[in-house]
Amino acid sequence: METALFLDKLILVVSVFGASLGIAMYSTLAERKFAAFFQDRLGPNRAGLFGILQPVADGVKLFMKEEIIPAQANKFLFILGPSLFMITALMTSAVIPWSTPLDLGDRTMELQVTDINIGLLYVFGVVSIGVYGIMIGGWASNNKYSLMGALRASSQMISYELAMGFSIIAIIMITGSMGLKDVVNAQSTELFGISGLNWNIFYQPLGFLIFIICAFAECNRTPFDLPECEAELVGGYHTEYSSMKLGLFLFAEYVNMFISSAMMAGLYFGGYNFPFMYELGLSQNALSILGLVAFMTKILAFIFFFMWIRWTIPRFRYDQLMHLGWKVLIPLAIMNLIATGGVMTFMASK
Amino acid sequence: MEQIIFIILSVLAVVGALAVIFSSNAVYSVLFLVLTFFAIAGHFILLNAQFLAIVNIIVYAGAIMVLFLFVIMLLNLNKDSEAPTPALARIAGAIAAGLLMVTIVGAFKGLSQGSDVALRGGEIGTVSRLGQVLFSDFLLPFEISSVLFLSAMIGAVMLGKKNLKDS
Numbered sequence: 001m002e003t004a005l006f007l008d009k010l011i012l013v014v015s016v017f018g019a020s021l022g023i024a025m026y027s028t029l030a031e032r033k034f035a036a037f038f039q040d041r042l043g044p045n046r047a048g049l050f051g052i053l054q055p056v057a058d059g060v061k062l063f064m065k066e067e068i069i070p071a072q073a074n075k076f077l078f079i080l081g082p083s084l085f086m087i088t089a090l091m092t093s094a095v096i097p098w099s100t101p102l103d104l105g106d107r108t109m110e111l112q113v114t115d116i117n118i119g120l121l122y123v124f125g126v127v128s129i130g131v132y133g134i135m136i137g138g139w140a141s142n143n144k145y146s147l148m149g150a151l152r153a154s155s156q157m158i159s160y161e162l163a164m165g166f167s168i169i170a171i172i173m174i175t176g177s178m179g180l181k182d183v184v185n186a187q188s189t190e191l192f193g194i195s196g197l198n199w200n201i202f203y204q205p206l207g208f209l210i211f212i213i214c215a216f217a218e219c220n221r222t223p224f225d226l227p228e229c230e231a232e233l234v235g236g237y238h239t240e241y242s243s244m245k246l247g248l249f250l251f252a253e254y255v256n257m258f259i260s261s262a263m264m265a266g267l268y269f270g271g272y273n274f275p276f277m278y279e280l281g282l283s284q285n286a287l288s289i290l291g292l293v294a295f296m297t298k299i300l301a302f303i304f305f306f307m308w309i310r311w312t313i314p315r316f317r318y319d320q321l322m323h324l325g326w327k328v329l330i331p332l333a334i335m336n337l338i339a340t341g342g343v344m345t346f347m348a349s350k
Numbered sequence: 351m352e353q354i355i356f357i358i359l360s361v362l363a364v365v366g367a368l369a370v371i372f373s374s375n376a377v378y379s380v381l382f383l384v385l386t387f388f389a390i391a392g393h394f395i396l397l398n399a400q401f402l403a404i405v406n407i408i409v410y411a412g413a414i415m416v417l418f419l420f421v422i423m424l425l426n427l428n429k430d431s432e433a434p435t436p437a438l439a440r441i442a443g444a445i446a447a448g449l450l451m452v453t454i455v456g457a458f459k460g461l462s463q464g465s466d467v468a469l470r471g472g473e474i475g476t477v478s479r480l481g482q483v484l485f486s487d488f489l490l491p492f493e494i495s496s497v498l499f500l501s502a503m504i505g506a507v508m509l510g511k512k513n514l515k516d517s
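The listed protein sequences correspond, in order, to chains A and B.
Everything in the first sequence is counted per my numbering, starting at 1 for the first residue and increasing by one.
Everything in the second sequence is counted per my numbering, starting at 351 for the first residue and increasing by one.
See the structure below:
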C-alpha cells in the first residue's frame, strides 16, 4: 500500500510538472499567434506545421546562446535568482486539486499531490517567496536598471498580494475551510437545480474581479508589466541576463500564468465541477476524466483571457498602479469582506 | 524519521543564524535569516502547527525580510562604505551583549523541563483550534494586540508622510 501510494504520488507529481511546463511552453506560441491575430499578422509559422515546433526552436536557441555573467555580478546570487523564481512558480501546483478521485479497483487515486489543511495559505507563502527570485536576480546583476526593475516588480507583487489575500479570505469564509479541495468540492452542489454549478463567482463577483486584477499584477502581465520598460528601465530585472537564465525568468511568467489561471478556475469557477455533472449518471472514472477536461478548459480559457488583455489594453503608469492597488483595490476588498460577513450572519440568523 | 528531520532542521537553523551574524555582506545576512525562518517553520510543522508555520513564512520571510532586503539593496552596504566603529562603542556593545547572555542563561537555568504537551490527536495547531482558543480564552489580549497593530499602522502612515500639510 505504501509503495502504491508512493507510485501514485510520483506519477502525479511528474505529470503535473510535465503539464505545467508543457502548457507554459505552448502558451508562448499561443501568445505570439494571438498577438498576430489581434494585429492582423500571421505570426510564427516556419517551424513545423503552423509553427507548432516554434517553442522547441526557441528553447534550443536559448540553450545554445552564449551565457554571460557580468564581471561585477555576484555569481552565486546571479544564478540563484532565476532558479528560485522558476522553483517557486512550479511549487504552487502541489496543492491544486485536478479532479475527483480515480477508482483503480482496489484503491482510489486522489488527483491532487497533497491536500494540506492550509492549502490557500501555502499558495500565498510560495507566491511571497517568489519575490526573492526577482530581487536577488536584480540586485546580483550589479546594474542600476536591474535593481530598479527588481524593486518595481517586487513592490508591485507585495502590494497586490494584500488585496488578493483579502479577496481570498471571503472565499475561506463562505467555504469554512482553507483546503483547496474543500473549496472546490463545496462548489459541486446544486444551484437553480443544476448540480455542479454552485460556483463561487455567483457569490463573490467583486472578490473575483479583485482577484483577477491582482493575478495580472502578480504575474507582471500587461497592463501591469511595468518592471519591463524599454524607455525607462531597459529590460527591468532581467536586463543583464542571457541564454537560459533569461529563458527561466521569461518562462516562469508563463508557468505563473498557468497556475493563477488554475487558481481562478478552482476558486471561483468550480474547478473540476461542470453543470449537470451528477445528472448524467457517469461512472466515477468517467466523471473524473470529464472533470479534468472541464478544469483544463477553464484554465485554457483564462490563459486566453490573459493574452487577450495583453494585446488589447495599454499599460498603467507606475503611480497609477500603486494608486489602484492601495487606494482602490484594498478598500474594495475589505468592503467585500465585511459585506460577505454581514450577509453570512444575516443568513445564519434567519 | 521525525528525529532525523528535527536534527537537520536544527542544524540548519543554528548554522543559518550564525551565518547571519558572521557574513560580511548584509544581503547574505538577510538571505541566511530567511533560511533560518524556513528552518523554524519546519519545526512548527513537526509540532503539528501548520498554520503557525505558514504564517511565519508569509509574514517574516515573505514580507518583513523583503522590506529589509529593499533597504539594504538600495543603500548598497559594503565594507568600503561602512563607517569605522569607535572602540568605545565596540566595548559597550560587547558588555551589553554579554549581560544579555548572562540574563538569558540565568532565566533558563531555573527552568525545569515540562512534561510533553498532549497533541490532541494532531489537531492542536490547526486553524480552527487556534481560532477557537484565540476567540474564547484569549479574546481580550487578542483584541488589545489588534488595537496595537492598528495604532502602529496609523503611526507608520503618519511617519511616512513627508509633510502633514500635503495630503
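C-beta: ideal position from N, C-alpha, C; glycine also.
_By DSSP's criteria, T108/A is part of a beta bridge. Which residues make up the other side?_
As a working note, residue 108/A is residue 108 in the first sequence. Looking at the DSSP output, T108/A sits in a beta bridge with D103/A.
Inset, instruction - Count the other CB atoms, across all protein chains shown, that sit within 10 Å of the CB of N143/A; report buried if there are 16 or more and exposed otherwise. - result: Walking along the first sequence from the start, residue 143/A turns up at place 143. When all chains shown are included, N143/A counts as buried.
Query raised in the report: In angstroms, rounded to a whole number, what distance separates the CA positions of I213/A and L246/A?
Result: Taking the first residue of the first sequence as position 1, residue 213/A is located at position 213. Taking the first residue of the first sequence as position 1, residue 246/A is located at position 246. L246/A has its alpha-carbon roughly 26 Å from the corresponding atom of I213/A.
Proximity to Y203/A [Cα-Cα], best of W308/A, I172/A and Q156/A
Translated into the one-based positions of the first sequence, residue 203/A becomes position 203. Looking only at W308/A, I172/A and Q156/A, the smallest Cα-Cα distance to Y203/A is reached by I172/A.
W139/A versus chain B: which residues are under 7 Å apart at the beta carbon?
-> Locating residue 139/A in the first sequence gives position 139, where the first residue counts as 1. Taking a Cβ-Cβ cut-off of 7 Å, the neighbours of W139/A in chain B comprise V377 and M423, given in sequence order.
Quiz item: Is it a yes or a no for the region 132 to 151 of chain A touching the region 316 to 333 of chain A, going by three-plus beta-carbon pairs under 8 Å?
Solution: The region 132 to 151 of chain A is not in contact with the region 316 to 333 of chain A.
Using beta carbons (cut-off 7 Å, strictly below), is G236/A in contact with chain B?
Counted from its first residue, the first sequence places residue 236/A at position 236. Chain B contact via Cβ: absent.
Selection of the region 116 to 127 of chain A by Cβ proximity to chain B, strictly under 7 Å = For the region 116 to 127 of chain A, which is checked against every Cβ of chain B, the residues closer than 7 Å are I116, N117, I118, L121, Y122, F124 and G125.
Check: Would the beta-carbon of I376/A fall within 7 Å of that of A153/A?
Finding: Residue 376/A lies beyond the stretch modelled for chain A, which goes from 1 to 350, so this question has no answer here.
Quiz item: What do you get for G443/B, buried or exposed, if any count of 16 or more other CB atoms within 10 angstroms of its CB means buried?
Solution: Looking up residue 443/B in the second sequence gives position 93. G443/B comes out exposed.
message = Closer than 7 Å between beta carbons: that is the criterion. Which residues of the region 300 to 332 of chain A meet it against chain B?
response = Answer in chain order: no residues at all.
Review point. In this structure, does DSSP put I116/A in helix, strand or coil?
Key: Here residue 116/A corresponds to residue number 116 of the first sequence, with the count starting at 1. Here I116/A carries a coil assignment [DSSP, helix/strand/coil].
(Q) Just to confirm the assignment, what range does the alpha helix (DSSP H) spanning Q54/A have? (A) On the first sequence, position 54 is the one that residue 54/A refers to. Per DSSP, Q54/A is one residue of the alpha helix (DSSP H) stretching across Q54 to M64.
Validate contact between the region 449 to 457 of chain B and the region 93 to 102 of chain A using beta carbons, cut 8 Å, 3 pairs:
In short, these stretches do not touch, since the Cβ pair count stays below three.
| Does any heavy atom of the ligand FMN sit closer than 6 Å to the C-beta of S155/A? | The ligand FMN is absent from the structure shown, which contains no ligand whatsoever.
Checklist line | Own chain partners of R221/A with C-beta closer than 8 Å, once the 5 adjacent residues on each side are dropped | finding: By 1-based counting over the first sequence, the position of residue 221/A is 221. Around R221/A: E253, M257, F306, I309 and R310.
Interface residues of chain B facing V131/A [CB-CB closer than 8 Å] | Taking the first residue of the first sequence as position 1, residue 131/A is located at position 131. Taking the beta carbon of V131/A as reference, the chain B residues within 8 Å of it are G412 and V416, listed in sequence order.
Quick one: what's got a C-beta closer than 8 Å to F485/B's C-beta in the same chain, skipping five residues either side?
Walking along the second sequence from the start, residue 485/B turns up at place 135. Cβ neighbours of F485/B within its own chain (closer than 8 Å, five residues either side excluded): F492.
In the DSSP assignment, find the unbroken alpha helix (DSSP H) run with R479/B in it and report its ends. Counted from its first residue, the second sequence places residue 479/B at position 129. That run of the alpha helix (DSSP H) goes V477 to S486.
To be precise: take each residue of the region 142 to 173 of chain A, compare its Cβ to all Cβ atoms of chain B, and keep it if any distance is under 7 Å. Which residues remain? Contact annotation: in the region 142 to 173 of chain A, residues whose CB is within less than 7 Å of a CB in chain B are L147, L151, S154 and I158.
Note to self: Against V364/B, what residues of chain A qualify as contacts under a CB-to-CB distance less than 9 Å, listed in chain order?
What the structure shows: What you label residue 364/B is simply residue 14 of the second sequence in a count that begins at 1. Neighbours of V364/B across chain A, judged by C-beta separation under 9 Å, do not exist; the nearest C-beta is about 22 Å away.
Check: Between T476/B and chain A, is there a C-beta pair that is closer than 7 Å?
Finding: On the second sequence, position 126 is the one that residue 476/B refers to. Yes, T476/B lies at the interface with chain A (some Cβ there is under 7 Å from its Cβ).
_Exposed unless 16 or more other CB atoms sit within 10 angstroms - verdict on K61/A_ = In the first sequence, the residue the question calls residue 61/A occupies position 61. It counts as exposed.
Check your understanding: Taking contact to mean at least 3 C-beta pairs separated by less than 8 Å, is the region 117 to 126 of chain A in contact with the region 376 to 388 of chain B?
Key -> Result no; under three Cβ-Cβ pairs closer than 8 Å.
(message) If you reduce the DSSP assignment to three classes, tell me which class L77/A lands in.
(response) To locate residue 77/A, count along the first sequence from 1; it is residue 77. In the structure shown, L77/A sits in a helix (DSSP, three-state: H, G or I).
Suppose you measure from the CA of G448/B to the CA of A363/B; what does that come to, to the nearest Å? Taking the second sequence and counting its residues from 1, the one referred to as residue 448/B is at position 98. Taking the second sequence and counting its residues from 1, the one referred to as residue 363/B is at position 13. Each residue's Cα considered, the two are about 22 Å apart.
Under a three-way DSSP split, which group does L191/A fall into?
Locating residue 191/A in the first sequence gives position 191, where the first residue counts as 1. The DSSP-derived three-state label of L191/A is strand.
In whole angstroms, what separates the C-alpha of V380/B from that of V370/B?
Translated into positions along the second sequence, residue 380/B becomes position 30. Translated into positions along the second sequence, residue 370/B becomes position 20. Looking at the two C-alpha atoms, the distance is approximately 7 Å.
Q.
Counting only Cβ pairs nearer than 8 Å, list the residues of chain A close to Q400/B.
A. Counting from 1 along the second sequence, the entry for residue 400/B is found at position 50. By Cβ distance, chain A contributes I116, N117 and I118.
- Query: Hey, I303/A and S261/A: beta-carbon distance below 7 Å or not?
  - Reply: Indexing the first sequence from 1 puts residue 303/A at position 303. Indexing the first sequence from 1 puts residue 261/A at position 261. Yes, these two residues count as a Cβ contact at 7 Å.
Discussion item. Does the CB of M344/A have a neighbour CB from chain D at under 7 Å?
Written reply: Of the chains in the structure shown, none is chain D; the protein chains are A and B.
> What does L419/B touch in chain A if you count any residue whose Cβ is under 7 Å from its own?
Replying inline: In the second sequence, the residue the question calls residue 419/B occupies position 69. Residues of chain A passing the Cβ test: M135.
Please name the residue in F6/A, I79/A and G207/A whose C-alpha comes closest to that of S110/A.
Taking the first sequence and counting its residues from 1, one reaches residue 110/A at position 110. It should be noted that the sequence gives Glu, not Ser, for residue 110/A. With distances taken between Cα atoms, E110/A lies closest to F6/A.
Exercise for the section: Using a Cβ cut-off of 7 Å, pull out every chain A residue sitting near I404/B, in sequence order please. Expected result: Walking along the second sequence from the start, residue 404/B turns up at place 54. Those are I118, L121, Y122 and G125, listed as they occur along chain A.
Selected residue, minimal CA-CA separation from A4/A, among A73/A, L42/A, L282/A and T108/A
As a working mapping, residue 4/A is identified with position 4 in the first sequence. Residue T108/A is the option with its Cα nearest to A4/A.
| message | Please list, in chain order, the residues of the region 80 to 101 of chain A that have any C-beta partner in chain B closer than 8 Å. | response | Cβ contacts with chain B: none found.
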